[in-house]
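Each remark here refers to the structure printed beneath this line.
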Ligand SMILES: [Zn+2]
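In the numbering used here, the protein residues as written are 0 to 220.
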């Protein structure tokens with residue numbers, strides 16, 4: 000009975016005079032885990048936010064490259080939410096201006112999923128990252144890199160095509176329409192929910208061959 004009356008008293012003293020009393024209290028370390036353990040499980044049920052964060056963390060870690068040779072991240076315009084079709088839809092992509100024929104580069108290493116031609120996008124490429132979490136869509140191309148084919152493994156910075164105006168792009172404004180979508184499943188991967196790629200485009204567009212050539216040059220000094 001005596002122990003019961005002492006414990007609350009210790010707790011009150013510890014709480015009131017924390018630093019001064021702490022050396023006396025071997026009781027405190029024993030109590031702490033009992034109080035803290037039940038709390039995290041009761042707050043963990045909503046799984047949606049942590050999952051989304053995982054995706055964003057993953058994409059951040061991939062350090063995507065601006066997929067046009069010579070273009071720095073600050074030159075990728077904020078066009079994700081621009082209205083299209085008279086306001087009927089949002090653009091949900093970025094348009095990166097460049098001269099016709101400028102090399103289009105793989106934003107990330109991964110696999111070419113599909114080479115397709117359609118009325119809006121013109122000559123297009125769908126590719127994915129190493130874990131197939133995202134789909135990268137490149138549109139309005141002038142053409143494909145020689146030999147590019149579906150199923151091909153590509154390295155980040157590899158030339159996969161060339162900037163053009165195919166599809167519904169204005170003929171006097173060559174640009175790359177670049178879209179990043181979440182890979183939902185094998186049946187609808189080409190139509191996943193898009194996200195603004197700008198925060199994840201952290202590397203300037205640099206041709207893979209240029210990087211390799213620079214790395215291969217032996218130092219003369
Ligand atoms: Zn566009």
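Each residue gets a CB set at the ideal place from its N, CA and C atoms; glycine is no exception.
Out of the options, point me to the one whose CA is closest to residue i's CA.
i	options	result
residue 182	126, 206, 175, 205	126
residue 180	84, 91, 76	91
residue 136	99, 186, 194, 87	194
residue 207	130, 95, 102	102
residue 80	67, 196, 118	196
Determine the direct distance from the alpha carbon of residue j to that of residue i, and round the result to whole angstroms.
i	j	result
residue 162	residue 134	19 Å
residue 128	residue 172	29 Å
residue 198	residue 188	22 Å
residue 154	residue 63	12 Å
residue 132	residue 107	12 Å
residue 151	residue 112	8 Å
residue 54	residue 61	11 Å
residue 204	residue 192	25 Å
residue 177	residue 93	5 Å
residue 99	residue 190	27 Å
residue 200	residue 168	23 Å
Would you call residue i buried or exposed, if buried means 16 or more other Cβ atoms sit within 10 Å of its Cβ?
i	result
residue 224	Nothing about residue 224 can be reported from this structure: the residues present for the chain run from 0 to 220 only.
residue 82	exposed
residue 148	exposed
residue 157	buried
residue 76	exposed
Checking contacts by CB at 8 Å: is residue i closer than that to chain C?
i	result
residue 165	Looking for chain C here will not work: only one protein chain is present.
| message | As an exercise, report each continuous beta strand (DSSP E) stretch of at least 3 residues that is fully enclosed by the region 81 to 169, in chain order. | response | 93 to 96, 102 to 104, 109 to 117, 121 to 127, 133 to 143, 158 to 162
| Is the number of C-beta pairs between the region 134 to 153 and the region 72 to 79 that are closer than 8 Å three or more? | no
| In chain order, each alpha helix (DSSP H) run of at least 4 residues that lies wholly inside the region 173 to 201 | none
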